[in-house]
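Visitor:
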Amino acid sequence: MEIKKVPQDHISTYAENRKAIYATDDKGHYGVVASSGWHVEEEATKQALNELERLAGEAYEAVESGEKSPLFYHMYAQRMDLIVLSQSVGMFQWRVKRHFTPSVFAKLSDRVLARYSEALGLSIDDLKLLPSRES
Amino acid sequence: MNTKSSDFKHQHAAHCESGVMSSMLSHHGLKLSEPMVFGLSGALVFAYLPFVKLGGMPLIAYRSMPKAIIKGLQKNIGVKMRLEKFSDPQAGTKRLDALLEEGRVVGAQTSVFWLPYFPEEMRFHFNAHNLLVYGKEESIYQISDPVFEHSVEADEKALQKARFVKGMMAPKGLLYYPSHVPSNVDYTTVIPKTIKKTAKMMLKTPVPIAGLRGIRFLAKHIRKLEAKDRRYAKLFLGHIVRMQEEIGTGGAGFRYIYASFLEEASEILGNDVLMEASKMMTVTGDAWREFALMIAKSIRSKKSEAIDFDAIGAKLESVADQEAEVYKKLLTAF
């Protein structure tokens with residue numbers, strides 16, 4: 000790719016940052032160029048983020064209706080899934096899944112909650128709550 | 000605590016691990032560009048592992064496993080590295096501080112998600128990121144993160160969390176620094192050796208999921224997306240682009256970095272075939288980007304529009320054919 004063809008699309012996902020791209024100058028020699036992003040990358044990143052948001056939104060409703068525990072929502076809100084969360088807390092998937100049941104979650108010891116709190120980067124109090132819609 | 004390796008210079012690089020190693024070796028007197036680090040460690044690969052899932056999506060890799068660049072350099076150019084892991088986060092932080100106190104610049108493996116300076120929309124749970132710590136003031140670390148244009152900072156708590164996440168490719172607080180850096184590299188031996196190895200691996204791999212066979216295998220799966228749920232199909236395609244472009248690859252899944260390496264290698268050895276191969280690799284990189292552009296259009300498409308999976312698959316197969324010519328050319332270079 001030639002330097003003048005390096006995309007400078009100022010993509011939102013970079014938040015004003017620039018990435019290094021290798022491209023060729025007039026004489027065909029390679030060098031590093033800072034790029035403000037390519038719209039193709041932005042679309043792919045946004046797609047992944049939207050999917051995570053969709054899952055978090057569905058989870059929010061499931062928690063609101065009392066079908067699932069808040070943990071289920073926080074998992075998606077922190078861009079995790081069952082595999083990542085269970086690996087992060089070092090528990091089997093079936094055990095984490097059980098904690099998605101509101102009645103089981105309500106009886107969890109502080110010790111178990113502390114593991115989730117650490118993995119998700121939330122205080123134990125926040126872990127038990129569903130944030131208000133605005134936030 | 001106040002410590003800083005004052006003569007350290009931040010370099011903007013495309014890829015984290017090759018960027019860290021290039022900066023670190025340069026700091027120790029061995030000037031090796033990022034493309035040279037990438038090429039000489041034999042980091043260029045392709046692998047498609049449908050059975051290993053990352054966030055529900057199969058693993059698609061355009062370069063070797065994490066730490067392979069560090070290991071490749073040890074093997075190929077005689078650098079000796081010390082790698083330290085920790086079970087206790089506090090011990091890991093203490094050790095990092097002690098190494099900084101000695102005036103070292105220290106490589107570290109971290110998660111991306113917990114690094115506070117990463118843009119919100121780029122924070123995903125990827126645990127094999129690499130950065131360089133070169134100083135600490137009070138409780139703030141000075142960090143040279145190669146994929147960022149300028150040096151950055153993170154406080155002690157944040158960096159400790161990022162170094163000690165658990166899960167796939169967990170960093171376990173990994174720190175690394177050189178214990179021996181050679182003053183020069185025997186390029187006439189090591190360049191042919193590493194290039195031949197990469198070319199052979201891409202062309203003649205015995206496993207169907209790696210090298211050019213892996214690219215064709217992925218193309219086959221793209222054609223089969225026709226029968227899958229539309230949302231999944233789109234996410235799958237978008238995932239390929241993310242692995243190719245979003246993760247610091249220098250563009251086109253590391254193909255441009257490799258072309259840059261071939262150019263540098265050609266100059267060092269005075270080998271014209273390598274320069275020709277470099278140009279061919281650039282064209283291949285452009286083709287990878289055309290492939291990504293096709294995918295972007297299909298992701299954008301409305302429900303009523305059909306996605307031409309056969310055309311996308313066929314494009315990828317033509318990329319594989321083009322890339323095969325580069326490796327065949329490389330095998331004639333020495």
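As you go down the protein sequences, you meet chains A and B in turn.
Under numbering that gives the first Met the number 0, the first residue of the first sequence carries the number 0, and numbering increases by one thereafter.
Under numbering that gives the first Met the number 0, the first residue of the second sequence carries the number 0, and numbering increases by one thereafter.
Note that beta-carbon positions come from the ideal geometry of N, C-alpha and C, so glycine has one too.
Quantities reported herein were computed from a predicted structural model and do not represent experimental measurements.
(1) Between the C-alpha atoms of Lys-52(B) and Leu-58(B), what's the straight-line distance to the nearest angstrom?
(2) Going by the beta-carbon positions, is the gap between Tyr-61(B) and Gly-252(B) smaller than 7 Å?
(3) How far does the alpha helix (DSSP H) with Glu-263(B) in it reach, from first residue to last?
(4) Under 8 Å: do the stretch 13-33 of chain B and the stretch 110-118 of chain A share three or more Cβ pairs, one atom per stretch?
(5) Where Ala-305(B) and Glu-244(B) are concerned, what is the direct C-alpha to C-alpha distance, given to the nearest angstrom?
(6) Can you pull the chain B residues whose beta carbon is under 7 Å from the beta carbon of Ile-123(A), in chain order?
(7) For chain B, is any of its Cβ atoms less than 7 Å away from the one on Glu-41(A)?
(8) Residues in the same chain with beta-carbon distance under 8 Å from Ser-68(A), minus the five sequence neighbours each way, listed in chain order, please.
(9) For chain A, find out if any of its Cβ atoms is closer than 7 Å to the Cβ of Tyr-133(B); answer yes or no.
(10) Tell me the residue span of the alpha helix (DSSP H) that contains Phe-50(B).
(11) Can you find a CB in chain B that lies within less than 7 Å of the CB of Gly-36(A)?
(12) Note down, in chain order, all residues in the stretch 43-58 of chain A with a beta-carbon under 7 Å from any beta-carbon belonging to chain B.
(13) Is the CB of Ser-347(B) under 7 Å away from at least one CB in chain A?
(14) Apart from the five residues on each side of it in sequence, which residues of its chain come closer than 6 Å, Cβ to Cβ, to Ala-157(B)?
(15) State buried or exposed for Pro-177(B), treating a residue as buried only when at least 16 other CB atoms are found within 10 Å of its CB.
(16) If contacts are defined as beta-carbon pairs under 8 Å, then Leu-112(A) and Val-95(A) qualify, I think. What distance do you get, rounded to the angstrom?
(17) Where are the alpha helix (DSSP H) runs, 4 residues long or more, that stay fully inside the stretch 283-330 of chain B, in chain order?
(18) Only counting the same chain, and skipping five residues up and downstream in sequence, which positions put a Cβ closer than 6 Å to that of Ile-311(B)?
(19) Under the rule that 16 or more other beta-carbon atoms within 10 Å means buried, what is Met-64(B), buried or exposed?
(20) Which of helix, strand or coil does DSSP assign to Ser-102(A)?
(21) In whole angstroms, what separates the C-alpha of Ala-169(B) from that of Lys-45(A)?
(22) State the Cα-Cα distance for the pair Gly-237(B) and Gly-250(B), rounded to the nearest angstrom.
(23) For the beta strand (DSSP E) containing Asp-154(B), list its first residue and its last residue.
(24) Which residues of chain B have a Cβ atom closer than 8 Å to the Cβ of Asp-80(A), listed in chain order?
(25) Whether or not the stretch 204-211 of chain B and the stretch 133-145 of chain B are in contact is what I'm after, with contact meaning three or more pairs of Cβ atoms, one per stretch, closer than 8 Å; do they touch?
(26) For Ser-34(A), list the residues DSSP reports as bridge partners.
(27) Is it buried or exposed for Lys-203(B), if we count other Cβ within 10 angstroms and need 16 for buried?
(28) Check whether the Cβ of Phe-147(B) sits closer than 6 Å to any heavy atom of the ligand ZN, and report yes or no.
(29) Between the stretch 235-265 of chain B and chain A, which residues of the former have a C-beta closer than 7 Å to a C-beta of the latter?
(30) First and last residue of the alpha helix (DSSP H) that includes Arg-212(B)?
(31) Leu-330(B) to Glu-263(B), Cα distance in whole Å?
(32) Kindly indicate if chain A contains any beta-carbon less than 7 Å away from that of His-11(B).
(33) With contact counted as at least three CB pairs below 8 Å, one residue from each stretch, are the stretch 34-49 of chain B and the stretch 185-200 of chain B in contact?
(34) What residue does the beta strand (DSSP E) around Ile-139(B) start on, and which one ends it?
(35) Does DSSP put Pro-6(A) in a helix, in a strand, or in coil?
Guide: Short version:
(1) 6 Å
(2) yes
(3) 254-268
(4) no
(5) 25 Å
(6) Under the 7 Å cutoff, chain B gives no residues; its nearest Cβ is about 17 Å from Ile-123(A).
(7) no
(8) Val-62, His-98, Phe-99, Thr-100, Pro-101, Val-103, Phe-104 and Ala-105
(9) no
(10) No alpha helix (DSSP H) contains Phe-50(B), which is instead part of the beta strand (DSSP E) from 43-53.
(11) no
(12) Ala-43, Thr-44, Gln-46, Ala-47, Leu-48 and Glu-50
(13) This structure leaves residue 347(B) out entirely; chain B is present only between 0 and 333.
(14) Pro-115
(15) buried
(16) Actually they do not touch by this definition, with Cβ atoms about 13 Å apart.
(17) 308-330
(18) Ile-221 and Met-293
(19) exposed
(20) helix
(21) 26 Å
(22) 16 Å
(23) 151-154
(24) Gly-54 and Gly-55
(25) no
(26) Lys-18(A)
(27) exposed
(28) Here there are no bound small molecules, and the ligand ZN is not part of this structure.
(29) Gly-237, Val-240, Arg-241, Glu-244, Glu-245, Gly-247, Gly-249, Gly-250, Tyr-255, Ile-256, Ala-258, Ser-259 and Glu-262
(30) 210-223
(31) 17 Å
(32) yes
(33) yes
(34) 139-143
(35) coil
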